[in-house]
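**Q** Numbering (the numbering used here), first residue to last: 5 to 505.
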Ligand SMILES: [Cu+2]
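This is the structure we're talking about:
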């Protein structure tokens, strides 16, 4: 028996795989839709908070709602100050933000500020629980460069479902360079948020979340693409050069984004800030949790379709074959951009960008392995349908809220060696830090991955080394999380926690 075959049997059980595969792949194929881009792009509300000098207060209410993703069909949703998703919050480096989060969804939740450096008590991870009916306050100073961050539920064993229903939004940071950059920056005009999510729907219009066992293994994939909560919309571009702030806000789907005419675009920022100079690409892979800011030249005034291509996922062994059979790795239209009425932009693609200084590797004190794996230990865990399993691990251990996995020293910088010995890719995310990618299997990182990041995709059999600084906050009691940002993997235990002391 080959190694991959043995792993496959460990995960699925010898007899079960053949029985489970055909119905699911058939139903996915039958539901394939062709979009006519008849919906209009939706611009999320912009919330600058209530400002007094450098103190900015945001009032956020987690709420239940109904959304009509399809005409005449209502879907039950979660949102923040909205039925589905939340506003784009915006503040500046140096501001102290005070976020009041009121929970009115009727169940416990949390709200995590993804990508921020902040005190552990303000992080919004699974320890900062907000009981139904209560309000939680997070206050912290913004001490990092201009970037496109986001916020989302981080509920213990419930992150996947709450985010899927809509508990997420974007958070922009500006800095002293924002107005000095020669970049489009007018919200809703030439600077546009694009939150990409895939969803599955039941016949009655409700979201379908986690049915069959393979979905628990791969994470939840849907066959309908939502952009800012709208099914495959058309964006009527107002300018001939636009900046798209792309967030993969999906639970598990990895995208391989490109335009239908293969026109180039220019990546100007990754997760946590601008790159040294724009990187010309014609496709970009974006894993759950990752962001990319791109400039798109529309001066030919021809409508273009943003798609995700096949080949987004690198897998090995039987799991790879299975993912192909289930059609998770396939082409989707995401959004149409129609620039026929666009005004000429005064911006051009800049040669260089005012970017954050790179981190120095010379003062790294510790090299720490981070081994991600998914292997079934009990055999029946996945079949049982529960959310607690021992099969999703980092360094051989599944998440335990009572166990602090390790501590790091405040002011130190570490090298983390993130590896993946499973058959599926895993996007690895660390709270409280902006890290730098050193190498992928010993090779230099891709040009667009050379800025500061908080999430990095690690493919099967890959080792990615990252340089991780712990700059400011020490707290021996309250931990930060590190985890796979495939939310189903996270919920099933591919997560750990560390303190800064
Ligand atoms: Cu994972």
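C-beta: ideal position from N, C-alpha, C; glycine also.
Which term fits residue 6, buried or exposed, when burial requires 16 or more other beta carbons within 10 angstroms of its beta carbon?
**A** Residue confidence is low: residue 6 scores 38 on pLDDT, short of 50, so the model does not pin down where it sits. Its coordinate-derived value is still stated next. If you draw a 10 Å sphere on the C-beta of residue 6, you find fewer than 16 other C-beta atoms in it, and that means exposed.
**Q** Using the Cα positions of residue 493 and residue 412, report the straight-line distance between them to the nearest angstrom.
**A** 25 Å
**Q** Which same chain residues, not among the five before or five after residue 356, have their C-beta less than 6 Å away from its C-beta?
**A** Excluding residues within five positions, the ones whose Cβ falls inside 6 Å are 281.
**Q** Could you please give me the residues that DSSP links to residue 372 through a beta bridge?
**A** 420
**Q** Does the beta-carbon of residue 276, which I'm using as the reference point, lie nearer than 6 Å to any heavy atom of ligand 1?
**A** In this structure, residue 276 has its CB at a distance of at least 6 Å from all heavy atoms of ligand 1.
**Q** So, do the segment 442-462 and the segment 286-294 have three or more beta carbon pairs nearer to each other than 8 Å?
**A** yes
**Q** Hey, how far is the Cα of residue 349 from the Cα of residue 250?
**A** 20 Å
**Q** Just curious, the beta strand (DSSP E) that residue 147 is in, first and last residue?
**A** DSSP places residue 147 in no beta strand (DSSP E); its state is neither H nor E.
**Q** Using the rule of at least 16 other Cβ atoms within 10 Å of the residue's Cβ for burial, across every protein chain shown, is residue 298 buried or exposed?
**A** buried
**Q** Just the C-alpha distance for residue 192 and residue 346, rounded to the nearest angstrom, thanks.
**A** 13 Å
**Q** Does the Cβ of residue 469 have 16 or more other Cβ atoms within 10 Å, making it buried, or fewer, making it exposed?
**A** Counting Cβ neighbours within 10 Å, residue 469 comes out buried, since at least 16 surround it.
**Q** Out of 240, 398, 477, 351, which has the shortest C-alpha to C-alpha gap to residue 500?
**A** When each option's Cα is compared against that of residue 500, the closest is 398.
**Q** Could you give the uninterrupted runs of the beta strand (DSSP E) lying entirely in the segment 59-138, keeping only those of 3 residues or more?
**A** 59-74, 77-84, 92-96, 100-108, 116-118
**Q** Looking at the secondary structure, which residues open and close the beta strand (DSSP E) in which residue 185 lies?
**A** Neither: residue 185 is in no beta strand (DSSP E) and is coded neither H nor E.
**Q** Which residues in the same chain as residue 183 place their Cβ atom closer than 8 Å to its Cβ, once the five residues preceding and following it in sequence are excluded?
**A** Sequence-distant Cβ neighbours of residue 183 in its own chain, meaning closer than 8 Å and more than five residues away, are 189.
**Q** Would you mind working out which of 242, 173, 74 sits nearest residue 207, comparing C-alpha positions?
**A** 74
**Q** What is the residue span of the beta strand (DSSP E) that residue 294 lies within?
**A** Element bounds for residue 294: n/a, residue is neither H nor E.
**Q** Looking at C-alpha atoms only, which residue of 343, 256, 217 is the closest neighbour of residue 316?
**A** 256
**Q** Buried or exposed, going by whether 16 or more other CB atoms sit within 10 Å of the CB of residue 562?
**A** Nothing in the structure corresponds to residue 562, since the chain is present only between 5 and 505.
**Q** Looking at C-alpha atoms only, which residue of 312, 341, 313, 295 is the closest neighbour of residue 304?
**A** 341
**Q** Would you list the residues whose beta-carbon is nearer than 6 Å to any heavy atom of ligand 3, in the order they occur in the chain?
**A** In the structure shown, ligand 3 is absent; the only ligands present are ligand 1.
**Q** Identify, in the order they occur along the chain, each residue of the same chain with its Cβ nearer than 8 Å to the Cβ of residue 358, setting aside the five sequence neighbours on each side.
**A** 181, 184, 185, 278
**Q** Going by C-alpha distance, which of 141, 86, 62, 472 is nearest residue 417?
**A** 472
**Q** Applying the criterion that 16 or more other CB atoms from any shown protein chain within 10 Å of the CB defines a buried residue, is residue 220 buried or exposed?
**A** buried
**Q** Looking only at its own chain, which residues have a Cβ that is under 7 Å from the Cβ of residue 138, when we skip the five neighbours before and after it?
**A** Within its own chain, the residues whose Cβ lies closer than 7 Å to the Cβ of residue 138, once the five positions on either side in sequence are excluded, are 107, listed in chain order.
**Q** Let's test the definition: count the other Cβ atoms within 10 Å of the Cβ of residue 135 and tell me whether it reaches 16, buried, or not, exposed.
**A** exposed
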